[in-house]
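Take 1 as the starting number for the sequence shown in the working numbering and just add one per residue.
Scroll down for the structure; my scribbles are underneath it.
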Amino acid sequence: MAYSEQVLRRARERLEQAKAERERENDAHRREAYRRYPRLEEIDRELRQTMTQLMATALRQGEDPAQAIAAIREKNLALQCERDWILEAGEFEEGYLDETPVCTKCGGSGYIGSQMCDCLRELCRQEQKKELTSLLGSGQETFETFRLDVYPDAYDPKLGTSPRQLMKSNFNICRKYAQNFGEGSGSLLFSGATGLGKTFLSACIARQVADRSFSVVYDTAIRLFSDFEAEKFGAYAEENRGLSRKYFECDLLIIDDLGTEMTTQFTISALYHLLNTRMMENRATIISTNLADNEIENRYNPQIASRIIGTFRLVQFAGEDIRRR
Ligand SMILES: [Zn+2]
1 MAYSEQVLRR ARERLEQAKA ERERENDAHR REAYRRYPRL EEIDRELRQT MTQLMATALR
61 QGEDPAQAIA AIREKNLALQ CERDWILEAG EFEEGYLDET PVCTKCGGSG YIGSQMCDCL
121 RELCRQEQKK ELTSLLGSGQ ETFETFRLDV YPDAYDPKLG TSPRQLMKSN FNICRKYAQN
181 FGEGSGSLLF SGATGLGKTF LSACIARQVA DRSFSVVYDT AIRLFSDFEA EKFGAYAEEN
241 RGLSRKYFEC DLLIIDDLGT EMTTQFTISA LYHLLNTRMM ENRATIISTN LADNEIENRY
301 NPQIASRIIG TFRLVQFAGE DIRRR
């Protein structure tokens, strides 16, 4: 899971906050317990002392420490026992003084060795969803809310089928893709005129794949290229370094409306570099565009056209604009 730096940073901040919050809670519990039972504070202090004694005795050289250690153990047990009785008498809730960390698996660091812990992964997933929601809006686009009935049912000789049948097949391709998304998932090309549901279906895929804990970046071609440009030429190029990294590293990249951007030599080479790198690293990309195959070739270059047309699965959208319905 290659989450973007921004997502990872926000997730880590939330974990830090949760950890600090839990520590404050633990502190407050301890203070409250000590206030009600000052003897508890004494016991805790003595328990710490017996631990130190135990270590010192075990390390002492020359004499047999077994007897001394046994005595310390006994004292320790007696203190523990007294502590338990006080806690029980005080009717503290279970685990009140256990100082449980915010995550018992990683202690709140977010990592177990070099592996990301489930707690941090879940926060990344949530942050990723928030970021997508800010781009996609309130969250209307889901496979459940997709309406097939707005597409005409009448046979269209140009399509060789009805628009509704065509969309049904597109819908099934997209839903299956999102359900089975994983390593080695191929790339998709959504081709067809505006207003046929390309953006809706790509947003459905984005939501579901992100929900399954994959990192998803969804953006219009215009914004994507403006990030590349800001990184390279912007007034704050230094600050914007790394702005394009998320497009390279996410598990699924969705580029909406390719072809609506101002195409320049720079955007062409950025696009080639991006698509080529993602392909070499076996990362999936979805492109939606109004451009036909030959227009892709004319607008960009034969290398880009052959990357897209040769390796992306074509999902053809056709019919008339359904936004008027
Ligand atoms: Zn954890």
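The beta-carbon is built from N, C-alpha and C at its ideal position, and this holds for glycine as well.
In this text, all values refer to a predicted model and were calculated from it rather than measured experimentally.
Taking residue i as part of the alpha helix (DSSP H), name the residues at either end of that continuous run.
i, result
"V102", "Counting along the chain, V102 falls outside any alpha helix (DSSP H), and DSSP gives it neither H nor E."
"A210", "198-211"
"D44", "38-59"
"D293", "293-299"
"T260", "Per DSSP, T260 belongs to no alpha helix (DSSP H) and is neither H nor E."
"L79", "66-89"
"T267", "265-280"
"E249", "245-249"
So residue i is in the beta strand (DSSP E); what residue range does that whole segment cover?
i, result
"Y218", "216-220"
"A284", "284-289"
"L148", "Here L148 belongs to no beta strand (DSSP E), and DSSP marks it neither H nor E."
Taking residue i as the reference, which of the options has the closest Cα?
i, options, result
"A68", "C81, Q80, T52, E82", "T52"
"I304", "G107, A318, Q265, E320", "Q265"
"P302", "M280, I268, A284", "I268"
"R223", "G197, I254, N76, N290", "I254"
"S4", "S215, E281, L291", "S215"
"E74", "K19, F92, L54", "L54"
"I287", "E295, D251, R147, Y218", "Y218"
"R12", "C119, R283, T289", "C119"
"E46", "R22, A28, I72", "I72"
"Q140", "L77, Q208, Q115", "Q208"
"L15", "V315, G259, M116, F146", "M116"
"R10", "Q126, D44, H29", "Q126"
"D153", "K168, E144, K129", "K168"
"G338", "N298, F233, A235, M279", "The shown model of the chain, from 1 to 325, leaves out residue 338, and the question about it has no answer."
"L196", "N26, G137, V315", "V315"
"F146", "C124, L135, N172", "N172"
"R212", "A193, L97, Q179", "Q179"
State buried or exposed for residue i, treating a residue as buried only when at least 16 other CB atoms are found within 10 Å of its CB.
i, result
"C81", "exposed"
"R241", "exposed"
"S187", "buried"
"S202", "buried"
"K158", "exposed"
"Y300", "buried"
"G182", "exposed"
"K246", "buried"
"T100", "exposed"
"D251", "buried"
"N170", "buried"
"M262", "exposed"
"F312", "buried"
"R307", "buried"
"R283", "buried"
"E231", "buried"
"K176", "exposed"
"Y151", "buried"
"G95", "exposed"
"F190", "buried"
"R35", "exposed"
"T104", "exposed"
"F233", "exposed"
"R48", "exposed"
Once you ignore the five residues that flank residue i on each side, which residues in its own chain have a CB closer than 8 Å to its CB?
i, result
"P65", "T57, A58"
"Y37", "I86, G90"
"C106", "I112, C117, C119, L120"
"L136", "A203, A206, R207, Y218"
I'd like to confirm the pairing. Which residues does DSSP put opposite residue i in its beta bridges?
i, result
"R313", "L188"
"Q115", "I112"
"I255", "D219, I287"
"T161", "D156"
Apart from the five residues on each side of it in sequence, which residues of its chain come closer than 6 Å, Cβ to Cβ, to residue i?
i, result
"I309", "D293"
"D257", "T220, A221"
"Y155", "S162"
"F143", "R175, C204"
"L275", "R307"
"A210", "Q128, K129, L132, V216"
"F317", "G192, L196, K198"
Please return the same chain residues whose Cβ sits closer than 7 Å to the Cβ of residue i, not counting the five positions on each side in sequence.
i, result
"A270", "F225, F228"
"R39", "I86"
"E131", "V7"
"L123", "A11, R14, L15"
"T199", "D256, S288"
For ligand 2, any of its heavy atoms closer than 7 Å to the Cβ of residue i?
i, result
"G110", "In terms of ligand content, the structure shown lacks ligand 2 and carries ligand 1 instead."
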